[in-house]
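Residue numbers (this note's numbering): 1235 to 1538.
A virtual CB, placed ideally from N, CA and C, is assigned to each residue, including glycine.
Below is one structure, written out as structure tokens, with a few remarks after it.
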């Protein structure tokens, strides 16, 4: 999405701990209604023939700001394009607010390498860049359509086969210019596939023990805890009825690339009056050293 001068969605800030989540109050250190300021027109990155979305920025040792963002061609409807043919691009600026200059496409689905049925064969998106101990990690979501050998698969199938992968590089510039190691397997994948709209022959898992890592795992956000473990926040789908039914969970690992162990309880799942779960996504997790708490900011479609 191009960065606009107005904000059209609500943002909810949460205090996160393993096993529970609460809405933060201004007295707990953050009042985003006061912190959000107008955005200048040059603080925007867009392409005429592409939808742009999901930017993540890291300041490098070169004092440049390295942006990794997702885009997909406008020849596809917005709703379909991110699932069937999105890519991750690299842009650079001398200031955090930009202007950012597009450099190159730095990651595409492995179908372009002849691996159409790889976990990230069809499309890649949700970039999240972090630096830990001298290495740079780009976490992302990828999907594939196991029922098709076509370059553009079935959106309805691919959207239910989403997992999380990672790239590893020595610097943000190396990452952006393709000098990275791409793991062959996802670092986090669903533990179950249980929901009414999933075909019976594709369902798996214990219906009495469903974790947040159900059907899909998407929207990765990673931070390091004081004990050295890494916490990965993600979104999955609830097993109940209703569109999407998003639940957010966390997984813990000893290294930035895992293996990650999914914790059993959701950290965010907000029920609406009609029984559906409120739509929320794209969490960003960070640790505040002054308050000694983890916080997560989440896109909230309902103001819940």
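Query raised in the report: Excluding the five sequence neighbours on either side, which residues of its own chain have a C-beta within less than 8 Å of the C-beta of residue 1259, listed in chain order?
Result: The sequence position of residue 1259 within the chain shown is 25, counting from 1. Any reading at residue 1259 needs caution, since the residue's pLDDT is 47, under 50, leaving its predicted position unreliable; the model's value is listed next. Sequence-distant Cβ neighbours of residue 1259 in its own chain, meaning closer than 8 Å and more than five residues away, do not exist here.
Query raised in the report: How many angstroms separate the CA atom of residue 1261 from the CA atom of residue 1530?
Result: Within the chain shown, the letter at position 27 stands for residue 1261. Within the chain shown, the letter at position 296 stands for residue 1530. Any answer about residue 1261 is weak, because its pLDDT of 40 lies below 50 and its placement is not dependable; what the coordinates show is given next. CA-CA distance, residue 1261 to residue 1530, rounds to 16 Å.
Query raised in the report: Would you call the segment 1510 to 1524 and the segment 1445 to 1456 in contact, with 3 or more CB pairs under 8 Å?
Result: In short, these stretches touch, since the Cβ pair count reaches three.
**Report entry** Three-way DSSP call (helix, strand, coil) for residue 1505 in this model
**Finding:** Here residue 1505 corresponds to residue number 271 of the chain shown, with the count starting at 1. Annotated three-state conformation of residue 1505 is strand, per DSSP.
Query raised in the report: Which of helix, strand or coil does DSSP assign to residue 1416?
Result: As a first step, residue 1416 must be located in the chain shown, where it is residue number 182. Residue 1416: strand per DSSP, three-state reduction.
Query raised in the report: Any idea which residues DSSP pairs residue 1457 with across the strands?
Result: Sequence index remark: in the chain shown, residue 1457 carries index 223 (1-based). Paired residue(s): 1465.
Query raised in the report: How would you call residue 1305, buried or exposed, if buried means at least 16 neighbouring beta carbons within 10 angstroms?
Result: Here residue 1305 is taken as the residue at index 71 of the chain shown, counted from 1. With 16 or more other Cβ atoms from the protein chains shown falling within 10 Å of its own Cβ, residue 1305 counts as buried.
Query - Secondary structure of residue 1344, DSSP reduced to three states - result: Here residue 1344 is taken as the residue at index 110 of the chain shown, counted from 1. Secondary structure at residue 1344: helix, using DSSP grouped into helix, strand and coil.
Query raised in the report: Thinking C-beta only, is residue 1366 closer than 9 Å to residue 1464?
Result: For the purposes of this step, residue 1464 is taken as residue 230 along the chain shown, with counting starting at 1. For the purposes of this step, residue 1366 is taken as residue 132 along the chain shown, with counting starting at 1. Yes, they are a contact pair.
Query raised in the report: Whose CA, out of 1459, 1484, 1512, 1485, lies closest to the CA of residue 1526?
Result: Sequence index remark: in the chain shown, residue 1526 carries index 292 (1-based). Checking every option, the nearest Cα to that of residue 1526 belongs to 1459.
Report task. Would you give the residue range spanned by the beta strand (DSSP E) that residue 1516 belongs to? Result -> The residue you call residue 1516 lines up with position 282 of the chain shown. Segment 1514 to 1522, the beta strand (DSSP E) holding residue 1516.
Report task. Determine the DSSP secondary structure at residue 1268, reduced to helix, strand or coil. Result -> The residue you call residue 1268 lines up with position 34 of the chain shown. It is helical.
Query raised in the report: From 1315, 1379, 1369, 1483, pick the residue whose C-alpha is nearest to that of residue 1400; which is it?
Result: As a position in the chain shown, residue 1400 is number 166, starting the count at 1. Residue 1400 has its Cα closest to that of 1369, out of 1315, 1379, 1369, 1483.
Requested in this report: With distances taken Cα to Cα, identify the nearest neighbour of residue 1337 among 1301, 1495, 1265.
Outcome: Counted from its first residue, the chain shown places residue 1337 at position 103. Residue 1301 is the option with its Cα nearest to residue 1337.
Report task. Whole angstroms is fine: what's the gap from residue 1388's alpha carbon to residue 1357's? Result -> Working through the chain shown from its first residue, we reach residue 1388 at position 154. Working through the chain shown from its first residue, we reach residue 1357 at position 123. Spanning the alpha carbons of residue 1388 and residue 1357 requires a straight line of approximately 12 Å.
**Report entry** Any 3 or more C-beta pairs closer than 8 Å across the segment 1263 to 1274 and the segment 1374 to 1384
**Finding:** Not touching, per the Cβ criterion.
**Report entry** Within 9 Å, strictly: CB atoms of residue 1321 and residue 1344
**Finding:** For the purposes of this step, residue 1321 is taken as the residue at position 87 of the chain shown. For the purposes of this step, residue 1344 is taken as the residue at position 110 of the chain shown. No.
**Report entry** Completely contained alpha helix (DSSP H) runs for the segment 1380 to 1407, where each covers 4 or more residues
**Finding:** As far as the segment 1380 to 1407 is concerned, its whole alpha helix (DSSP H) runs of at least 4 residues are 1389 to 1392.
**Report entry** Reduced DSSP category for residue 1410 - H, G, I as helix; E, B as strand; rest coil
**Finding:** Along the chain shown, one-based indexing puts residue 1410 at 176. Helix, per DSSP.
Query raised in the report: Which whole-angstrom value describes the C-beta separation of residue 1353 and residue 1438, a residue pair presumed to lie in contact below a C-beta threshold of 8 Å?
Result: Indexing the chain shown from 1 puts residue 1353 at position 119. Indexing the chain shown from 1 puts residue 1438 at position 204. At roughly 16 Å, the Cβ-Cβ gap does not stay under 8 Å, so residue 1353 and residue 1438 are not in contact.
Query raised in the report: Going by alpha carbons, who is nearest to residue 1508 out of 1494, 1496, 1487, 1536?
Result: Walking along the chain shown from the start, residue 1508 turns up at place 274. Comparing Cα-Cα distances from residue 1508 to each of 1494, 1496, 1487, 1536, the minimum goes to 1536.
Report task. Report back the beta-carbon spacing between residue 1471 and residue 1429 to the nearest angstrom; my notes put them in contact at under 8 Å. Result -> To locate residue 1471, count along the chain shown from 1; it is residue 237. To locate residue 1429, count along the chain shown from 1; it is residue 195. That pair is a contact at about 7 Å.
Query raised in the report: What do you get for residue 1494, buried or exposed, if any count of 16 or more other CB atoms within 10 angstroms of its CB means buried?
Result: Against the chain shown, residue 1494 aligns to sequence position 260. Burial check for residue 1494: the Cβ neighbour count within 10 Å reaches 16 or more, so the residue is buried.
Query raised in the report: Do residue 1286 and residue 1279 come within 9 Å of each other at the CB atom, strictly closer than that value?
Result: Walking along the chain shown from the start, residue 1279 turns up at place 45. Walking along the chain shown from the start, residue 1286 turns up at place 52. Contact flag set, yes.
Query raised in the report: Any idea if residue 1523 is buried or exposed, counting beta-carbon neighbours within 10 angstroms, 16 or more meaning buried?
Result: Here residue 1523 refers to the residue found at position 289 of the chain shown. Residue burial annotation: residue 1523 is exposed, with fewer than 16 other C-beta atoms found within 10 angstroms of its C-beta.
Requested in this report: With a 10 Å radius around its C-beta and 16 neighbouring C-beta atoms as the bar for buried, classify residue 1462 as buried or exposed.
Outcome: By 1-based counting over the chain shown, the position of residue 1462 is 228. Burial call: exposed.
Query raised in the report: For residue 1354, does the three-state DSSP call read helix, strand or coil?
Result: The count along the chain shown starts at 1 and reaches residue 1354 at position 120. Look at residue 1354 here: in three-state DSSP terms it is coil, with no helix or strand label.
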